[in-house]
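The next block holds one structure in the form of structure tokens; read it before the comments.
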Amino acid sequence: MRIDEIRIILVLLLLVLLVNSSNAAISYDISVRAGGKGAEIHRQTQNLTLTIDGLVSGVGNFSRLTHIRGPTGISADESTSSTKKGNLSYEEKKALVTLEGPVVITASLKSSSYNYTPPQTGTPIEVSLQESADVFVDEYWPAAFANYNNIDYSGPEIRTSEHYENNGDVVASSIDSWDLTKQSLYRTYINRTVISLIVTPNKVTEDVASNKSSFYVLESRSTGALTHLEAIKGGSSCDSTSRISEDYRGQENLSLVARMNGTVIRRGPEDEWLPCGLCGFSNSRQEFPSASSFSGLLSEQIPYSESAR
Numbered sequence: 000m001r002i003d004e005i006r007i008i009l010v011l012l013l014l015v016l017l018v019n020s021s022n023a024a025i026s027y028d029i030s031v032r033a034g035g036k037g038a039e040i041h042r043q044t045q046n047l048t049l050t051i052d053g054l055v056s057g058v059g060n061f062s063r064l065t066h067i068r069g070p071t072g073i074s075a076d077e078s079t080s081s082t083k084k085g086n087l088s089y090e091e092k093k094a095l096v097t098l099e100g101p102v103v104i105t106a107s108l109k110s111s112s113y114n115y116t117p118p119q120t121g122t123p124i125e126v127s128l129q130e131s132a133d134v135f136v137d138e139y140w141p142a143a144f145a146n147y148n149n150i151d152y153s154g155p156e157i158r159t160s161e162h163y164e165n166n167g168d169v170v171a172s173s174i175d176s177w178d179l180t181k182q183s184l185y186r187t188y189i190n191r192t193v194i195s196l197i198v199t200p201n202k203v204t205e206d207v208a209s210n211k212s213s214f215y216v217l218e219s220r221s222t223g224a225l226t227h228l229e230a231i232k233g234g235s236s237c238d239s240t241s242r243i244s245e246d247y248r249g250q251e252n253l254s255l256v257a258r259m260n261g262t263v264i265r266r267g268p269e270d271e272w273l274p275c276g277l278c279g280f281s282n283s284r285q286e287f288p289s290a291s292s293f294s295g296l297l298s299e300q301i302p303y304s305e306s307a308r
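As structure tokens, this is what we get:
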């Protein structure tokens, strides 16, 4: 057996970094192919600030819906309604901040072949080895979201629900009641996302992990049909998911605090997980924010350092 030469051939990689000036958003697109398999990554964010401050009270029927989708995987869905006449007081405060930041993309592309001359024939034959493409993305796009609700209702029936998510970490609650006093606060951060993509002719493996934290606190007094609580902790896309689900019926006083966090590779203090203790609540008997103090929930600088560049 004789090996005449070794030749390295790069597989095709298309990498495009775009800045859309029409909506001041920054984005990047990655397309990778090795043999017959391929994968794509599309990501986008922008500098954005959103604040909502509302208060309503009165007698009657009502319906309200909130639907928020942040560019970095933070989302919020709320619904509150009563189809029959009742007494209602409803207060809400929301704040969303997203920031642009650096993105580091590293690609390792390999494909090899060699010429082999069988002794039986003496004729060179080209033998191809498996192609592979490894892409690593380190994304520093900070974002933060806070939401506070205060509901006081008495009447035939009210249905209220909340569903929050930060890149796989979910907190949700729903209440059907005819006598309800409820306060809730949700706060979440993200400041770093790491994406690992491996493509071979036989398989595509993608893992997404984030530096994130979430905090949810609920205080309620209810007489009604059903109270449902749910929390889902998702690690990276390759990790298993933990889930808690609880249901209560009848008359109840409820106090709940849920905290979740996740950490990716730590290279310095700026990469530590973001402690929800910054929310200012150390136990379940917390004091909820007033209208004047709510702005402080997001007044701290989002943990982000120029050294991350």
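Residue numbers (numbering that gives the first Met the number 0): 0 to 308.
Just so it is clear, CB atoms sit at the ideal spot from N, CA and C, and this is done for glycine as well.
Everything numeric in this text was worked out from a predicted model, so none of it was measured.
Quick check: G35 and P200, are their CB atoms within less than 7 Å of each other? Cβ atoms of G35 and P200: closer than 7 Å.
Minimum length 3: unbroken beta strand (DSSP E) runs contained in the region 122-161: Correct list: 124-127 and 131-138.
Using alpha carbons as the reference points, say which of K83, T105, A143 and Q43 lies closest to S62. Residue K83 holds the alpha-carbon nearest to the alpha-carbon of S62 among K83, T105, A143 and Q43.
Skipping 5 residues on each side, what residues in its chain have a beta carbon closer than 6 Å to that of V15? For V15, the predicted structure reports a pLDDT of 41, less than 50, and the residue's modelled location is therefore unreliable. The matter cannot be settled from this model.
A132 vs V198 beta-carbon contact at 7 Å: Cβ atoms of A132 and V198: closer than 7 Å.
Through-space distance from G53 to R186, alpha-carbon basis: Per the coordinates, the alpha-carbon of R186 lies some 18 Å from the alpha-carbon of G53.
Reduced DSSP category for T120 - H, G, I as helix; E, B as strand; rest coil: In the three-state DSSP reduction, T120 falls in the coil class, being neither helix nor strand.
Spell out the partners DSSP gives N60 in its beta bridges. Under DSSP, N60 shares a beta bridge with no residue.
Just to confirm before moving on: does the CB-CB distance between S176 and G223 stay below 7 Å? Taking 7 Å as the cut-off, the Cβ atoms of S176 and G223 count as close.
Quick one, are the C-beta atoms of D178 and S153 less than 7 Å apart? Yes, Cβ-Cβ distance for D178 and S153 is below 7 Å.
Distance between E164 and L184 (C-alpha atoms, nearest Å): The C-alpha of E164 is placed about 14 Å away from the C-alpha of L184.
Can you name the start and end residues of the beta strand (DSSP E) that K84 belongs to? Here the beta strand (DSSP E) through K84 covers I73 to T97.
Can you list, in chain order, the residues of its chain whose CB lies under 6 Å from that of S88, leaving out five sequence neighbours each side? Within the same chain, S88 has close Cβ partners S56 and D151.
Relative to the C-alpha of N166, which residue among I231, T65 and L49 is closest? Restricting attention to I231, T65 and L49, the CA atom closest to the CA of N166 is found in I231.
Measure how close the beta-carbons of E156 and Q182 come, nearest whole angstrom, since I'm counting them as under 8 Å. By a beta-carbon distance limit of 8 Å, E156 does not contact Q182. Their separation comes to about 20 Å.
Where N190 and I51 are concerned, what is the direct C-alpha to C-alpha distance, given to the nearest angstrom? Answer to the nearest angstrom: the Cα atoms are 23 Å apart.
Nearest candidate by alpha-carbon position, reference S26, set G37, Q43, R32 and T120: Relative to the Cα of S26, the nearest Cα in the group G37, Q43, R32 and T120 belongs to Q43.
Sequence-distant residues of its chain with Cβ nearer than 6 Å to I40 (five each side left out): Within the same chain, and ignoring the five residues on either side of I40 in sequence, the residues whose Cβ sits closer than 6 Å to its Cβ are I29.
With distances taken between CB atoms, is the gap from V263 to V207 smaller than 7 Å? The Cβ atoms of V263 and V207 do not sit closer than 7 Å to each other.
I think T48 touches V96, with their Cβ atoms under 8 Å apart; what is that distance to the nearest whole Å? Their Cβ separation, rounded to whole angstroms, is 5 Å, which keeps T48 and V96 in contact under 8 Å.
N210 to T71 span [Cα, whole Å]: N210 and T71: Cα-Cα distance of roughly 12 Å.
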